[in-house]
Amino acid sequence: MAHLGARLTRIAPGVVHIVLPARPEVTQQHGYFHAGATSSIADSAGGYAAFTLFPENTEVLTVEYKINLLAPALGNHLEAVGTVLKAGRTLNVCRLEVSAVQVDGTRKLVANGQQTLIRVNRAKT
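All residue numbers for the sequence shown refer to this note's numbering, where the first residue is 41 and numbers rise by one.
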């Protein structure tokens, strides 16, 4: 996330927001946010949302995710929200939403998806 320039802006039990400012390094040839950057922040938001509910000495890994790109992502920044829908002992399911946000605060949903994550015990070193 540091490489993309993304940052966590809200952390609550089962919910995480990540913001990605617009800049040339995360856009494609037409000036829209690149699908890879959009998908990366969605995946991370869901992963961190699930992680907020995990016990100590565990880690999170994405098992699978599906993302629908609904509209060209153009704005001042993107905001990804990961929300836990089902927290299980091993597998967790999250809703993923990414909105393009304009300077005036206007928001447009540009991607949504669903993700399955697995809780694993932290490796002993």
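C-beta: ideal position from N, C-alpha, C; glycine also.
Please read all numbers here as calculations on a predicted model, not as lab measurements.
For H117, the residue or residues it bridges with in DSSP | Your numbering for residue 117 matches position 77 in the sequence shown. DSSP, once it has assigned bridges, lists P61 and V141 as partnering H117.
Contact check, I158 vs L131, beta carbons under 8 Å | Stepping through the sequence shown from its first residue, residue 158 is reached at position 118. Stepping through the sequence shown from its first residue, residue 131 is reached at position 91. Closer than 8 Å, so yes.
Would you be able to state if there are at least three C-beta pairs under 8 Å between the segment 82-98 and the segment 65-74?
-> Contact fails: fewer than three Cβ-Cβ distances are below 8 Å.
What number of angstroms, rounded off, separates the C-alpha of K148 from the C-alpha of A75?
-> On the sequence shown, position 108 is the one that residue 148 refers to. On the sequence shown, position 35 is the one that residue 75 refers to. Distance between the alpha carbons of K148 and A75: 15 Å.
Segment contact flag, the segment 78-86 with the segment 101-117, C-beta cutoff 8 Å, min 3 pairs | Flag = yes, the segment 78-86 and the segment 101-117 touch.
Alpha carbon to alpha carbon, how far is V55 from V138?
-> Numbered from 1 along the sequence shown, position 15 holds the residue referred to as residue 55. Numbered from 1 along the sequence shown, position 98 holds the residue referred to as residue 138. Put simply, the backbone Cα of V55 is about 13 Å away from that of V138.
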